[in-house]
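Take the sequence shown: its letter number 132 is residue 237 in my numbering, and every next letter is one higher. From the three backbone atoms N, C-alpha and C, an ideal C-beta is built for every residue, glycine too. Input: a single structure, listed below in structure tokens.
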Amino acid sequence: MYVADSQNSRVRAIGPTGTISTLSSVASPQSLALDPDGRLLVADNDGVQRINPDGSIETVLAAGPGRYVIEGVSNAFFPSAVAVEANGDLVVASFSPKYVARFTPNGTLLGAWDDYVSPGGIALGPDGTVYLASYGFFAVERVGSTGPTAVTTFTRNSVRGVSHTFRPEGVAVGNDGTIYATTGGVGGTNDRALVAIAADGSVQALAVN
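Put into structure tokens, the structure is as follows:
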């Protein structure tokens, strides 16, 4: 298991017996993903780094102002979450400014779309689909070749047992395709909650507060 230890600017590895070791030192890691070759991708304050099996680190996407043109406007790039598709392409959420982008494994921009995303809010499904927790759009979205589209949009009191409107911040996908989403209970809902979204679109609150 790999852990982004953002407070200490380290990527940790936890072995099967619980032994913790330091894999690498990076600038405040926020999100981790493995590529098809087993290399670890890290979204951090410097951009997106790739940690190779020999421990060497290379910058795939550099952070900074004016890095990419998004829908005709020059935008900064400060990644908060990363996922890797089966073909090695990267899907990255930029937290400030807020957009979602797809890149080749070598860092070529394939497409980018305005969105309001939350740190840690990208996950890869068992079929290779990338899902996004869209805090600003009150939705869990599927990131396709033409950008994000809503899988589930939450409205006021739409989740039984959760007060007000559920705003997704984190997302994960089970082996059976069930989507799990969390919220910290601010900015739209009074409750901290974990919900499950089934294949038929039904939503169930698994834990509240």
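Residues bridged to residue i (per DSSP)
i, result
"F182", "G169"
"A301", "Y285, Q309"
"D110", "R115"
"F208", "L195, L214"
"V187", "V197"
Rounded separation between residue i and residue j - CA only
i, j, result
"V235", "P141", "15 Å"
"P134", "H269", "32 Å"
"F259", "R272", "7 Å"
"T124", "E176", "46 Å"
"V165", "S263", "40 Å"
"S185", "D220", "13 Å"
"G171", "K203", "13 Å"
"G212", "P231", "24 Å"
"V147", "V189", "11 Å"
"V291", "R265", "18 Å"
"V248", "T122", "36 Å"
"F183", "S111", "15 Å"
Beta-carbon proximity list for residue i, same chain, < 8 Å, skipping 5 on both sides
i, result
"I162", "S129, V131, Q154, R155, I156"
"V245", "Y236, L237, A238, S239, A255, V256, T257, P273, V276, I284, A286, I302"
"V187", "S136, L137, A138, L146, V147, A148, V153, L195, V196, V197, A198, I227"
Residues of its chain near residue i, where Cβ-Cβ distance is below 7 Å and the 5 sequence neighbours each way are ignored
i, result
"S223", "A238, Y240, E274"
Other residues of its chain near residue i: CB distance less than 6 Å, five sequence neighbours each side excluded
i, result
"S126", "A118"
"S201", "F183"
Unbroken beta strand (DSSP E) runs of length 3 or more, entirely within the region 212-287: which are they? 214-219, 227-229, 235-239, 244-249, 252-258, 275-278
Inside the region 132-171 only - alpha helix (DSSP H) runs reaching at least 4 residues: none
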